[in-house]
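Written below as structure tokens is the structure these notes are about.
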Amino acid sequence: MRRGPIGAAFIVAVLCASMLIVIPHTSQVEAYDVGSQPLVDVSAAAPNVAFHGMDWGTGASYGLAVGDGGEVYTFIDPVENGLDWTSVGPTNAADVWFGVTYDTLNSRYVFCGDGSGSVNNVYYYDGTSINVVGNTGAGDVLYDVAVGTSTGYYVVVGENGGNGVVYYYDGSSFYAVTDGGGTLPASQTVLNGVDYDPISHMFVIVGENTATGSGVIYVVNESALPGGAASMGLEPGDTATVDEPLYGFDWNTNSSEGYGLAVGYHSAVYKVNKTGYATNLSTPKGMPWPLLDNNPQWTLFDVDFAEEGDGIALIVGNDSSGNSLVLRYEDYNSAMGDGVYQATTNGTSASTYIECVAFKPYNSPRYAIMAGYTGGLPVVIKYSTVEAAGNINVNTIYPHIVNIEIWEGDPATGTNRLNDNVDVDPGTGTVYYTVRVYAYHQNGWDASVSTIDLYLLWDNGVTGSFTYPGGANANDHAHFLFTNGAPDTFTAPDGPGAYEIELLPPSCSDNAWATGPHTDGTIDHYVDFVFRLNKQVWAATGPFTEAAGTAASDQGDISKALNDTNTWDIQVTITDTASVGSDTKWDEFGVYKFTELTNAGLPADQSGSGAPSSTITLQPVGEDVTYSANCPYRLKVWVTDLTDGAGNTITADNLGVMGGDLDDGFGNPQHFGGAGEANALYLLGSGAPGWATVNPNANDNTTTTSNANNGGATVGSLTWECTIPAVAESYYYGEMHYVIERP
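Just so it is clear: in the sequence shown, position 434 is 691 by the working numbering, and no numbers are missing.
Okay, here's the thing in structure tokens:
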């Protein structure tokens, strides 16, 4: 069923007639404060690179670290005392990278620095390759970058010969940011940090005035950055001066109050809040806790807030003896000036400098990764707990997915098609598939499990991520929902007619699984989702890295489970009754290419009559070819000569056809160059060498030449004509052959 047949019809000319959790079971956990919790050195698992900047963006399945030698590394969830590192650089051995941030709008990391070896000083990494954003200017050294979540503008800051620089990137070019007088920043000013305030839509920039030894804070309103503007941004009242040089800044995006922390030399920590903007930030609130006041020689380089929304941040640097320094800030009631600091040097040695820190995006257990130097050698440290000191009651029971499988037909008798290709149903209604989800909940299935969501998605060449589009699209994604104790639903595709993906009886069936992997009396379950893929479900055939039918052990790691391009991705999420605990796993399968063209879908026989030397339109006009394709295709037609059986011939070059791509806009049919397939004309798709495309928004299982989508253009139905040469009066007969092709 993966190959489209050739169809044929007749033509007659007659002369003169002629698509984590709250439940009753509770565990008591003693949490450690920073001072009593050792930091874990994981350098042995890290590359021998001096990192200056790192980030682990919300929604990203991996973090990114950048540093000396143009090195760029990704890192993912660690084993107990290590990290899984992958080099995706270096860009150039003479480059040094300092700042990195995650661009959620485009699902990529942006990093900047001193691109002395490669000229360009701003790049991005999209999970596949490093790509150039551009260069702000000759001699610029950039220390940090931030991205506006509403516009996608990149703002980069740094210096050029001891004078501060600020630029923004609007998607195509870099532009300098200045104040109303055309100057910003002042001479002898170095700008070290920048972050974005999504509440007020402003960029906050921190740095130092090297002439006065003071710190500076600037604010750039995102609305003042239209594309193409060469000189705008700060007004004179939007700047502030503080006592100490500032090296790092992070905005607390989870605070309803809206504020960020700026850190720097002499234990400097400042709280920059939304109210401060209204008062021109002339006196931002300093936060002199006794611990900090007693340590004036501390130098703080970086700060990062956790995503949980509990006002916890880590600040890193070194003390006056050159030992590593980690401070924890806790915002107990979101009032200005509130917070607690604790310091530690546990787990590190003397002469350790910590330059950068990044929290793992929200996912228990919470931890942070930080990097810097020890005795001149690179060091990477894992900090595994940031809960407040004391006893905390934590519910740690949540649902689990053991694994997911996809079976051809019934799992009892079918073949496991995980990491393998499946067929669409050719119209017989006999081809169907079952996704089986093995899962359990230690507090009992019926009392604790709420829903299981099954998503299917054509990956369109993307690996390591899953973004379900929603909407009514019928042949490139689907969402099945199992609700415990309620009817199952099929939320997409929606709309009337024959769906390209159909939920079939018994739909989402729930079954006890007595032979599960547990020995604690837990009764496991499996839920089957039964469905059919129809003719125009989008083809995506791999190839696959794993062996066919293999339920990969890394289904819980999206970057490893969804590692192949041009496949269909499976995402299953099980949620408990409190809707706060869940588990998600992923894997892949493929869909074979399918094309279909049958005699039943061809136009009616064509006929007409006329005198020699006349051109006639054959009847009926406006006929369609009905066919199916779930992959790029070409539809062509060729003809034979017309003969009367008595030796008289009207050659094929006298026949012409208009419709599909064969429309010159003036109503002139295109004539054949001769008889046979070698002289075929392409109704849809070009023979040299283009292909027509399948409309991924269709929710029907057939397509015709009048509603086919070819590169976004609507194409018409068919009209045939015949130019009658000087031949004998007679009835002339021939054939037209329709052929559908695919790559």
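Ideal Cβ positions, reconstructed from N, Cα and C, are used throughout, including at glycine. Small disclaimer: the values here were computed from a predicted structure and weren't measured.
Proximal residues to residue i (C-beta, below 6 Å), its chain only, five neighbours per side dropped
i	result
residue 716	824 and 826
residue 627	573, 611, 614 and 638
residue 314	359
residue 980	872 and 911
Proximal residues to residue i (C-beta, below 8 Å), its chain only, five neighbours per side dropped
i	result
residue 407	455, 458 and 479
residue 232	For the chain, the structure presents residues 258 to 1000; residue 232 sits outside this window and is missing.
residue 682	688, 689, 789, 790, 791 and 792
residue 905	984, 985, 987 and 989
Residue i, enclosing beta strand (DSSP E) - first and last residue
i	result
residue 893	891-896
residue 703	Looking at the DSSP string, residue 703 is not in any beta strand (DSSP E); the run it does join, the alpha helix (DSSP H), is 702-705.
residue 209	Past the edges of the chain, shown from 258 to 1000, lies residue 209, and the structure says nothing about it.
residue 696	690-697
residue 815	Looking at the DSSP string, residue 815 is not in any beta strand (DSSP E); the run it does join, the alpha helix (DSSP H), is 815-818.
residue 446	446-454
residue 828	825-833
residue 365	365-371
residue 657	657-665
residue 986	That residue, residue 986, is in no beta strand (DSSP E); it is neither H nor E in DSSP.
residue 253	In the structure displayed, the chain extends from 258 to 1000; residue 253 sits before or after that span and is not available.
residue 574	569-575
residue 387	387-391
residue 465	459-466
residue 853	852-854
residue 681	Neither: residue 681 is in no beta strand (DSSP E) and is coded neither H nor E.
residue 517	516-521
residue 792	Counting along the chain, residue 792 falls outside any beta strand (DSSP E), and DSSP gives it neither H nor E.
residue 939	938-941
residue 411	411-417
Anticipated Cβ contact below 8 Å, residue i with residue j, distance rounded
i	j	result
residue 348	residue 375	6 Å
residue 352	residue 370	7 Å
residue 675	residue 806	6 Å
residue 417	residue 396	5 Å
residue 557	residue 525	7 Å
residue 583	residue 640	7 Å
residue 786	residue 737	5 Å
residue 327	residue 350	6 Å
Contact set for residue i: own chain, Cβ-Cβ below 7 Å, skip 5 residues either direction
i	result
residue 850	259, 796, 798, 887, 888 and 999
residue 816	318, 319, 333 and 721
residue 388	380 and 381
residue 403	358, 412, 451, 452, 453 and 460
Bounding residues of the alpha helix (DSSP H) (the contiguous stretch that carries residue i)
i	result
residue 735	Where residue 735 is concerned, there is no enclosing alpha helix (DSSP H), although the beta strand (DSSP E) it sits in stretches over 734-740.
For residue j and residue i, the rounded distance between their alpha carbons
i	j	result
residue 635	residue 610	9 Å
residue 991	residue 936	15 Å
residue 573	residue 363	29 Å
residue 409	residue 420	26 Å
residue 330	residue 316	18 Å
residue 983	residue 934	26 Å
residue 401	residue 722	26 Å
residue 463	residue 332	28 Å
residue 986	residue 847	57 Å
residue 311	residue 576	21 Å
residue 858	residue 902	29 Å
residue 578	residue 555	9 Å
residue 505	residue 724	32 Å
residue 343	residue 839	29 Å
Cβ-Cβ distance between residue i and residue j below 7 Å
i	j	result
residue 918	residue 941	yes
residue 380	residue 390	yes
residue 306	residue 324	yes
residue 500	residue 560	no
residue 882	residue 711	no
residue 811	residue 818	yes
residue 671	residue 665	yes
residue 435	residue 473	no
residue 422	residue 415	yes
residue 974	residue 916	yes
residue 794	residue 853	no
residue 518	residue 425	no
residue 718	residue 822	yes
residue 875	residue 977	yes
residue 938	residue 894	yes
Residue i Cβ short of 6 Å to the ligand FMN heavy atom set
i	result
residue 802	Because no ligand of any kind appears in the structure shown, any question about the ligand FMN cannot be addressed here.
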